[in-house]
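Asker: Quick one: structure below, then a few questions.
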Amino acid sequence: MNCLLFRVDANPQIGWGHLMRCLAVADAWRDLGGRAVFAMRDSGDNGLPLARVRARGQRLFRVPPGLSTRDERERIRLLAAAVAAEWVVLDGYHFATSYQTALRDAGLGLAVFDDAGHLSAYDCDVLINGSPLAGEIHYQTTPATRQWLGLSYLPLRTEVRCCRRAPVPAAAGAVRRIVVTLGGGEAVALAQKILAGLRQLPPMLAEFQFLVGSAPATARSLADALRRAPDRRVHLVRTTEDLPARLAEADLAISAAGGTLWELAYLGVPTLALVRADNQRATARFLAEQGVVRPLGDAEQAAPETIAAEIRLLVDDPAARRAMALAGRTLLDGRGAARIARALQQIQMRLRPAGTEDRELIFRWANEPAARAQSFQPQAIAWDTHCEWFAAQLDDANTLLLVAHSTAGEPVGQVRFARRDDRALASISVARSFRGQGIGTRLLRHAAGRAFAAWPSIAWLEA
Numbered sequence: 000m001n002c003l004l005f006r007v008d009a010n011p012q013i014g015w016g017h018l019m020r021c022l023a024v025a026d027a028w029r030d031l032g033g034r035a036v037f038a039m040r041d042s043g044d045n046g047l048p049l050a051r052v053r054a055r056g057q058r059l060f061r062v063p064p065g066l067s068t069r070d071e072r073e074r075i076r077l078l079a080a081a082v083a084a085e086w087v088v089l090d091g092y093h094f095a096t097s098y099q100t101a102l103r104d105a106g107l108g109l110a111v112f113d114d115a116g117h118l119s120a121y122d123c124d125v126l127i128n129g130s131p132l133a134g135e136i137h138y139q140t141t142p143a144t145r146q147w148l149g150l151s152y153l154p155l156r157t158e159v160r161c162c163r164r165a166p167v168p169a170a171a172g173a174v175r176r177i178v179v180t181l182g183g184g185e186a187v188a189l190a191q192k193i194l195a196g197l198r199q200l201p202p203m204l205a206e207f208q209f210l211v212g213s214a215p216a217t218a219r220s221l222a223d224a225l226r227r228a229p230d231r232r233v234h235l236v237r238t239t240e241d242l243p244a245r246l247a248e249a250d251l252a253i254s255a256a257g258g259t260l261w262e263l264a265y266l267g268v269p270t271l272a273l274v275r276a277d278n279q280r281a282t283a284r285f286l287a288e289q290g291v292v293r294p295l296g297d298a299e300q301a302a303p304e305t306i307a308a309e310i311r312l313l314v315d316d317p318a319a320r321r322a323m324a325l326a327g328r329t330l331l332d333g334r335g336a337a338r339i340a341r342a343l344q345q346i347q348m349r350l351r352p353a354g355t356e357d358r359e360l361i362f363r364w365a366n367e368p369a370a371r372a373q374s375f376q377p378q379a380i381a382w383d384t385h386c387e388w389f390a391a392q393l394d395d396a397n398t399l400l401l402v403a404h405s406t407a408g409e410p411v412g413q414v415r416f417a418r419r420d421d422r423a424l425a426s427i428s429v430a431r432s433f434r435g436q437g438i439g440t441r442l443l444r445h446a447a448g449r450a451f452a453a454w455p456s457i458a459w460l461e462a
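What the sequence shown shows, in numbering that gives the first Met the number 0, is residues 0 to 462, in sequence order.
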């Protein structure tokens with residue numbers, strides 16, 4: 000299988016959600032035997048996101064700061080060629096339609112993660128939105144764009160899926176541990192507000208864990224507050240390595256309404272949700288309507304006493320906690336990343352040298368009216384003439400005839416290179432069912448590497 004090249008960023012401003020779902024798909028892709036490469040900017044927070052990619056064994060290339068959009072696109076195109084990536088996956092709000100078009104014009108397959116339809120148009124082969132509300136967005140795309148929408152395509156990272164416990168959590172009993180997770184960005188004021196709310200609760204209520212591994216400023220602020228007024232119930236968790244396990248072990252959670260909310264739902268952890276950004280509002284509302292979370296409203300407006308009161312209500316209501324846990328576990332099956340990887344695999348192309356078994360297939364393609372109309376000789380080719388020509392092509396050291404198939408086994412097209420001194424002339428045809436999808440450019444680009452490998456002395460390819 001070919002390589003997937005992920006262009007994604009993570010930092011304290013945009014959080015970690017984009018990176019986490021790309022890592023989930025990369026893991027699923029690797030499980031299918033593929034390779035993944037990440038292209039990322041420096042995160043500005045001690046390199047934690049970059050370190051996370053390396054720790055997963057994924058290959059990482061840094062995108063230099065200060066590049067113009069045009070220069071960055073060109074760098075990604077060259078990187079795709081260097082790592083033999085047929086597909087690029089974009090995840091981020093800053094990849095405009097023109098960015099997408101430039102990569103597709105370079106012959107790359109393009110998959111784009113989206114959350115809310117923020118662009119007026121999308122120029123990609125695959126558009127992915129794992130939100131349950133994605134079907135309500137009227138996307139403007141090319142006619143051939145595949146749209147993978149809804150919770151079936153919501154990727155959850157591998158370590159979260161591995162932490163799901165078999166018994167339903169939050170059964171009747173005491174709440175021993177409450178986790179607070181506010182996303183990958185900094186949330187100093189909100190964390191202080193939540194701490195003030197926790198201190199209004201009875202001393203023996205529960206242990207509280209603030210998961211602040213990727214938010215150093217938030218961690219420093221909380222540590223200072225705890226030094227001034229110690230509270231043995233409150234613990235700061237600065238590492239990011241075991242966060243999924245800590246989520247899974249919680250009896251109750253307070254969470255920002257980002258990607259972590261879906262992880263908590265899958266794990267079956269009853270959660271109080273805080274909206275930190277406008278793009279989180281729809282998710283929080285949907286999960287509240289499904290009975291998975293209880294909303295605390297906007298983070299800026301939530302008061303410490305309200306937070307304390309809502310915690311106390313859930314602590315005192317084990318039946319409600321159990322119902323929330325069951326609702327979350329029912330909503331998600333955790334196989335979104337695997338579905339995306341398998342679906343991408345199905346539209347990958349496999350390229351191989353033509354053999355005698357392809358003679359009839361190429362004969363049919365050559366005699367299609369559209370192919371004859373583009374030829375110097377528009378009349379139909381006789382079978383005997385084709386057989387003689389085809390045998391000569393297979394025996395000619397100056398001819399490279401390649402056939403492409405999808406991984407599902409469907410014939411996609413063929414490329415023929417004829418070498419003349421230091422250059423090779425390419426001709427191409429695409430199966431009717433694959434036309435209009437930008438396949439021709441991708442096929443030619445994919446095949447070009449075979450030509451240069453077969454004939455190291457050539458300097459030019461002409462089509």
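Every residue gets a Cβ at the ideal spot worked out from N, C-alpha and C, and that includes glycine.
Quantities reported herein were computed from a predicted structural model and do not represent experimental measurements.
Rank Gly182, Leu126, Arg363 by C-alpha distance to the C-alpha of Trp15 and give the top, closest one.
Answerer: Within the sequence shown, residue 15 is the residue found at index 16, counting from 1. Checked all of Gly182, Leu126, Arg363; the closest Cα to Trp15 is Gly182.
Asker: Taking C-alpha atoms, which residue in Tyr152, Glu299, Asp230 lies nearest to Leu330?
Answerer: Taking the first residue of the sequence shown as 1, we reach residue 330 at position 331. Among Tyr152, Glu299, Asp230, the Cα nearest to that of Leu330 belongs to Tyr152.
Asker: Take the Cβ of Ala446 as the centre, count every other Cβ of all protein chains shown within 10 Å, and call the residue buried at 16 or more, exposed below.
Answerer: In the sequence shown, counting from the first residue as 1, residue 446 sits at position 447. Classification of Ala446: buried, given that the 10 Å Cβ count is 16 or more.
Asker: Can you tell which of Leu400, His93, Ala222, Arg61 has its C-alpha closest to the C-alpha of Ala453?
Answerer: If you number the sequence shown from 1, residue 453 lands on position 454. That would be Leu400, whose Cα lies nearest to the Cα of Ala453.
Asker: Evaluate Ser97 with the Cβ neighbour count: other Cβ atoms within 10 Å of its Cβ, from every protein chain shown; 16 or more gives buried, anything less gives exposed.
Answerer: Counted from its first residue, the sequence shown places residue 97 at position 98. Flag for Ser97 reads exposed.
Asker: Let's test the definition: count the other Cβ atoms within 10 Å of the Cβ of Glu71 and tell me whether it reaches 16, buried, or not, exposed.
Answerer: Indexing the sequence shown from 1 puts residue 71 at position 72. Glu71 is buried by the Cβ-count criterion.
Asker: Please state whether the Cβ-Cβ distance between Glu262 and Leu155 is less than 8 Å.
Answerer: Against the sequence shown, residue 262 aligns to sequence position 263. Against the sequence shown, residue 155 aligns to sequence position 156. Yes, they are a contact pair.
Asker: I need the DSSP call for Asn278, collapsed to helix, strand or coil.
Answerer: Working through the sequence shown from its first residue, we reach residue 278 at position 279. Asn278: helix per DSSP, three-state reduction.
Asker: Can you tell which of Leu204, Glu158, Arg103 has the C-alpha that lies nearest to the C-alpha of Thr141?
Answerer: On the sequence shown, position 142 is the one that residue 141 refers to. Here the closest residue by C-alpha is Arg103.
Asker: Alpha carbons only, please: which of Arg55, Val291, Asp316, Ala143 is nearest the one belonging to Gly108?
Answerer: Taking the first residue of the sequence shown as 1, we reach residue 108 at position 109. Selected option, being the one with the closest Cα: Ala143.
Asker: As an exercise, report each continuous alpha helix (DSSP H) stretch of at least 4 residues that is fully enclosed by the segment 246-327, in chain order.
Answerer: 258-266, 280-288, 303-314
Asker: My guess is that Leu273 and Leu251 are in contact by the Cβ rule of under 8 Å, so how many angstroms apart are they, rounded?
Answerer: On the sequence shown, residue 273 is found 274 positions in, with the first residue counted as 1. On the sequence shown, residue 251 is found 252 positions in, with the first residue counted as 1. Contact doesn't hold; Cβ gap of about 14 Å is too wide.
Asker: Do three or more CB pairs link the segment 324-341 to the segment 375-382 at distances below 8 Å?
Answerer: no
Asker: Is it buried or exposed for Gln139, if we count other Cβ within 10 angstroms and need 16 for buried?
Answerer: Indexing the sequence shown from 1 puts residue 139 at position 140. When all chains shown are included, Gln139 counts as exposed.
Asker: So, are the CB atoms of Val314 and Leu204 less than 8 Å apart?
Answerer: The residue labelled residue 314 in the question sits at position 315 within the sequence shown. The residue labelled residue 204 in the question sits at position 205 within the sequence shown. In this structure, Leu204 lies closer than 8 Å to Val314 by Cβ.
Asker: Let's see if you can read the secondary structure: which residues bound the alpha helix (DSSP H) around Ser220?
Answerer: Mapped onto the sequence shown, residue 220 falls at position 221. Taken as a continuous stretch (DSSP letters only), the alpha helix (DSSP H) holding Ser220 covers 215-227.
Asker: Here's a check: name, in chain order, each residue in its chain whose Cβ is nearer than 7 Å to the Cβ of Ile346, leaving out the five neighbours to either side.
Answerer: What you label residue 346 is simply residue 347 of the sequence shown in a count that begins at 1. Closer than 7 Å at the Cβ level, and outside the excluded window around Ile346, lie Ser405.
Asker: Could you spell out where the alpha helix (DSSP H) holding Pro48 opens and where it closes?
Answerer: Within the sequence shown, the letter at position 49 stands for residue 48. Run containing Pro48: 47-54, per the alpha helix (DSSP H) assignment.
Asker: For Ile193, report the span of its alpha helix (DSSP H) as first-last.
Answerer: Walking along the sequence shown from the start, residue 193 turns up at place 194. Start and end: 187-197.
Asker: Ignore the nearest five residues each way along the sequence and tell me which others in Phe12's own chain have a CB closer than 7 Å to its CB.
Answerer: For the purposes of this step, residue 12 is identified with residue 13 of the sequence shown, where counting begins at 1. Going by the sequence as given, residue 12 is Gln instead of Phe. These residues qualify, in order along the chain: Gly184.
Asker: Within the continuous beta strand (DSSP E) that includes Val179, where are the two ends?
Answerer: Walking along the sequence shown from the start, residue 179 turns up at place 180. Where Val179 is concerned, the enclosing beta strand (DSSP E) stretches over 176-180.
Asker: Note down, in chain order, each residue of its chain lying with its Cβ closer than 6 Å to the Cβ of Cys162, except the 5 sequence neighbours on either side.
Answerer: Start at 1 with the first residue of the sequence shown, and residue 162 comes out as number 163. Cβ within range, chain order: Pro243, Ala244, Ala247.
Asker: From this set, Leu443, Ala218, Leu4, which residue's C-alpha is nearest Ser496's C-alpha?
Answerer: Residue 496 is absent from the structure shown; the chain starts at 0 and stops at 462.
Asker: Looking at C-alpha atoms only, which residue of Gly290, Glu206, Glu158 is the closest neighbour of Asp241?
Answerer: Counting from 1 along the sequence shown, the entry for residue 241 is found at position 242. Ranked by how close their Cα comes to the Cα of Asp241, the residues Gly290, Glu206, Glu158 have Glu158 in first place.
Asker: In terms of residues, what are the limits of the alpha helix (DSSP H) holding Glu367?
Answerer: Translated into positions along the sequence shown, residue 367 becomes position 368. No alpha helix (DSSP H) contains Glu367, which DSSP labels as neither H nor E.
Asker: With 16 as the cutoff for other CB atoms within 10 Å, does Thr238 come out buried or exposed?
Answerer: By one-based count along the sequence shown, residue 238 stands at place 239. Label assigned to Thr238: exposed.
Asker: From the DSSP output, in three-state form, read off Val125 for me.
Answerer: Working through the sequence shown from its first residue, we reach residue 125 at position 126. Strand.
Asker: Should the segment 44-59 be regarded as contacting the segment 363-370, the criterion being three or more beta carbon pairs within less than 8 Å?
Answerer: The segment 44-59 is not in contact with the segment 363-370.
Asker: Which residues in the same chain have their Cβ closer than 8 Å to the Cβ of Ala186, if we skip the five residues on either side of it in sequence?
Answerer: The residue you call residue 186 lines up with position 187 of the sequence shown. Contacts found: Ala214, Thr217, Ala255, Arg275, Ala298.
Asker: Could you tell me how far apart the beta carbons of Val87 and Leu18 are, in whole angstroms, since I believe they sit closer than 8 Å?
Answerer: Within the sequence shown, residue 87 is the residue found at index 88, counting from 1. Within the sequence shown, residue 18 is the residue found at index 19, counting from 1. Not a contact, Cβ separation roughly 16 Å.
Asker: Cα separation between Ile438 and Ala390?
Answerer: To locate residue 438, count along the sequence shown from 1; it is residue 439. To locate residue 390, count along the sequence shown from 1; it is residue 391. The alpha-carbon atoms of Ile438 and Ala390 are separated by roughly 27 Å.
Asker: Any contact of the segment 263-270 with the segment 217-229, i.e. 3+ C-beta pairs under 8 Å?
Answerer: no
Asker: Alpha carbon to alpha carbon, what distance is there between Ala188 and Pro495?
Answerer: Since the first residue of the chain shown is 0 and the last is 462, residue 495 is not available in this structure.
Asker: Of the residues Gly412, Thr355, Pro64, which one's Cα is nearest the Cα of Glu387?
Answerer: Residue mapping note: residue 387 aligns to position 388 of the sequence shown, counting from 1. Of the listed residues, the one whose Cα sits closest to Glu387 is Thr355.
Asker: Going by CA-CA distance only, name the one from Ala340, Val292, Thr305 that's closest to Ala319.
Answerer: Here the question's residue 319 lines up with position 320 in the sequence shown. Looking at the Cα atoms, Val292 is the closest of the given residues.
Asker: For Leu200, which residues of its own chain have a beta-carbon under 6 Å away from its beta-carbon, when the five flanking residues on both sides are left out?
Answerer: In the sequence shown, residue 200 corresponds to position 201, counting from 1. The residues are Ala307.
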